[in-house]
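**Q** I am attaching a structure below and will ask some questions about it afterwards.
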Amino acid sequence: MALQSVGELRTWTCPCCGWWIYGLVSRYSHIRRKSMKMAVLAIIAGILGLFSGFQPLVHAADSSTGGKKVLILYYSWSGNTRELAKQIQVQIGGDLIELETVKPYPTDYNQTVDQAKKELEAKYLPPLKTRVDNLASYDLIFLGSPNWWYTLSGPVRTFLSQNNLAGKTVAPFMTHGGGGFANSINDLKAFCPNATILEGLALSGGRAKNAQNDVKRWLNTLGIASGNL
Numbered sequence: 000m001a002l003q004s005v006g007e008l009r010t011w012t013c014p015c016c017g018w019w020i021y022g023l024v025s026r027y028s029h030i031r032r033k034s035m036k037m038a039v040l041a042i043i044a045g046i047l048g049l050f051s052g053f054q055p056l057v058h059a060a061d062s063s064t065g066g067k068k069v070l071i072l073y074y075s076w077s078g079n080t081r082e083l084a085k086q087i088q089v090q091i092g093g094d095l096i097e098l099e100t101v102k103p104y105p106t107d108y109n110q111t112v113d114q115a116k117k118e119l120e121a122k123y124l125p126p127l128k129t130r131v132d133n134l135a136s137y138d139l140i141f142l143g144s145p146n147w148w149y150t151l152s153g154p155v156r157t158f159l160s161q162n163n164l165a166g167k168t169v170a171p172f173m174t175h176g177g178g179g180f181a182n183s184i185n186d187l188k189a190f191c192p193n194a195t196i197l198e199g200l201a202l203s204g205g206r207a208k209n210a211q212n213d214v215k216r217w218l219n220t221l222g223i224a225s226g227n228l
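As C-alpha cells, this is what we get:
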C-alpha cells in the first residue's frame with residue numbers, strides 16, 4: 000500500500016482515557032521527533048475535545064425531575080414506610096426527612112393502634128419534634144405515611160396542618176395492612192387544596208423491603224426516571 004511507503008501504523012495509549020490511538024510513525028530520520036510528538040498530542044487533544052461536550056451523569060439525572068428540588072418526607076412507626084422512602088431516595092435522590100413526635104408512640108402495636116384511634120376521634124394532632132425550616136425551597140414533595148384507621152397517620156396530619164403546601168407538587172406513598180390508601184388521598188387534598196397531588200403508591204407493609212421494582216414503575220408512571228439528583 001502507498002500508505003506504508005511513507006510510514007508504519009503504530010498504536011499509542013491515551014494516558015487520560017486508556018483508548019488506543021492509531022497513528023503513522025515515519026521510518027525516515029528527516030521526520031523530527033518533535034513533529035511526531037505534536038501529532039500525537041493533537042490526536043489526544045481531539046479526543047479530549049469530544050469528551051468535553053458531555054455533561055456528568057448526575058446532570059442527566061437532574062432532568063428526570065425537571066430540575067426540581069425534591070424532598071422525601073415521611074413518618075414511620077414500624078419501619079416499613081421508612082424503607083419505601085429510602086428506596087425512593089436511592090432512585091431519584093433528594094433530601095430525606097423523617098417526622099418524629101415530641102412524645103414517641105408506644106412500641107407495643109396494640110397500644111399504638113388504640114392511641115391512634117383516640118387521636119383521630121378527638122381530632123388531636125400530636126406535636127412534632129421535627130421541623131422543616133426550608134420547606135419553601137422544595138418543588139416536589141414525596142409524602143409518606145402508614146395507613147392508620149383508613150387515613151394519614153397523626154404525625155403527617157400534624158405536619159399538613161402546620162405547613163402550607165400551596166403551589167407544591169405532592170407525591171403520596173403509603174404502607175398498609177390491606178386497606179390501601181382508603182381515605183388518605185381525599186384527606187390529603189383537604190389539607191392542601193392548592194397543591195398538585197400526583198398519583199400515589201400504596202404497598203402492603205410486608206412488601207416494603209423489596210419494593211424496588213414497584214417504586215421504579217411508580218416513578219416511571221409519574222414521568223420521573225430513575226437516577227441520582
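Mapping the sequence shown onto numbering that gives the first Met the number 0, position 23 (from 1) lands on 22, and the numbers just tick up by one. We put the CB at the ideal spot given by N, CA and C, even for glycine. Since the structure is predicted, the reported quantities are computational estimates derived from the model, not experimental observations.
Measuring only the C-alpha atoms, how far is Ser183 from His175?
**A** As a first step, residue 183 is located in the sequence shown; it is residue number 184 there, counting from the start. As a first step, residue 175 is located in the sequence shown; it is residue number 176 there, counting from the start. Cα to Cα, the separation comes out at about 11 Å.
**Q** Distance, Cα to Cα, Lys215 vs Gln90?
**A** For the purposes of this step, residue 215 is identified with residue 216 of the sequence shown, where counting begins at 1. For the purposes of this step, residue 90 is identified with residue 91 of the sequence shown, where counting begins at 1. The straight-line gap from Cα to Cα measures roughly 7 Å.
**Q** Looking at the secondary structure, which residues open and close the alpha helix (DSSP H) in which Ala84 lies?
**A** For the purposes of this step, residue 84 is identified with residue 85 of the sequence shown, where counting begins at 1. Per DSSP, Ala84 belongs to the alpha helix (DSSP H) from 79-91.
**Q** Please report the distance separating the alpha-carbon of Ala194 from that of Arg81.
**A** Start at 1 with the first residue of the sequence shown, and residue 194 comes out as number 195. Start at 1 with the first residue of the sequence shown, and residue 81 comes out as number 82. Whole-angstrom Cα-Cα distance: 24 Å.
**Q** Going by CA-CA distance only, name the one from Gly92, Pro105, Gly153 that's closest to Val69.
**A** Translated into the one-based positions of the sequence shown, residue 69 becomes position 70. Ranking the options by Cα distance to Val69, first place goes to Gly92.
**Q** So if DSSP puts Tyr137 in a beta bridge, which residue, or which two residues, is it bridged to?
**A** The residue labelled residue 137 in the question sits at position 138 within the sequence shown. Looking at the DSSP assignment, Tyr137 forms no beta bridge with any residue, so it has no partner.
**Q** Thr100 and Leu127 - do their beta-carbons sit closer together than 8 Å?
**A** Counting from one through the sequence shown, the residue named residue 127 turns up at place 128. Counting from one through the sequence shown, the residue named residue 100 turns up at place 101. Closer than 8 Å, so yes.
**Q** Mind checking which residues open and close the beta strand (DSSP E) that includes Pro171?
**A** Taking the first residue of the sequence shown as position 1, residue 171 is located at position 172. 168-175 is the span of the beta strand (DSSP E), which, as asked, contains Pro171.
**Q** Per DSSP, Ala201 forms a beta bridge with which residues?
**A** Locating residue 201 in the sequence shown gives position 202, where the first residue counts as 1. Per DSSP, Met173.
**Q** Can you tell me the Cα-Cα spacing of Ser160 and Asn209, whole angstroms?
**A** Locating residue 160 in the sequence shown gives position 161, counting from the first residue. Locating residue 209 in the sequence shown gives position 210, counting from the first residue. C-alpha separation (whole angstroms): 32 Å.
**Q** Pull up the distance between the alpha-carbon of Gln54 and that of Ile140, whole angstroms please.
**A** Translated into the one-based positions of the sequence shown, residue 54 becomes position 55. Translated into the one-based positions of the sequence shown, residue 140 becomes position 141. At Gln54 the pLDDT is 32, less than 50, meaning the model places this residue with poor confidence and gives no usable figure here.
**Q** Short of 7 Å in beta carbon distance, which residues of its chain neighbour Asp186, apart from the five on each side in sequence? Order them along the chain.
**A** Translated into the one-based positions of the sequence shown, residue 186 becomes position 187. Excluding sequence neighbours, Asp186 sits near Thr150, Leu151.
**Q** Within the continuous alpha helix (DSSP H) that includes Asp238, where are the two ends?
**A** This structure cannot speak to residue 238, because the chain is shown only from 0 to 228.
**Q** What would DSSP say about Ser144, mapped onto helix, strand or coil?
**A** Locating residue 144 in the sequence shown gives position 145, where the first residue counts as 1. Ser144: strand per DSSP, three-state reduction.
**Q** Mark Gly66 as exposed unless 16 or more other C-beta atoms lie within 10 angstroms of its C-beta, in which case mark it buried.
**A** Locating residue 66 in the sequence shown gives position 67, where the first residue counts as 1. So Gly66 ends up on the exposed side.
**Q** Report the rounded CA-to-CA distance for Ile71 versus Ala121, giving the unit in angstroms.
**A** The count along the sequence shown starts at 1 and reaches residue 71 at position 72. The count along the sequence shown starts at 1 and reaches residue 121 at position 122. For Ile71 and Ala121, the distance between alpha carbons rounds to 29 Å.
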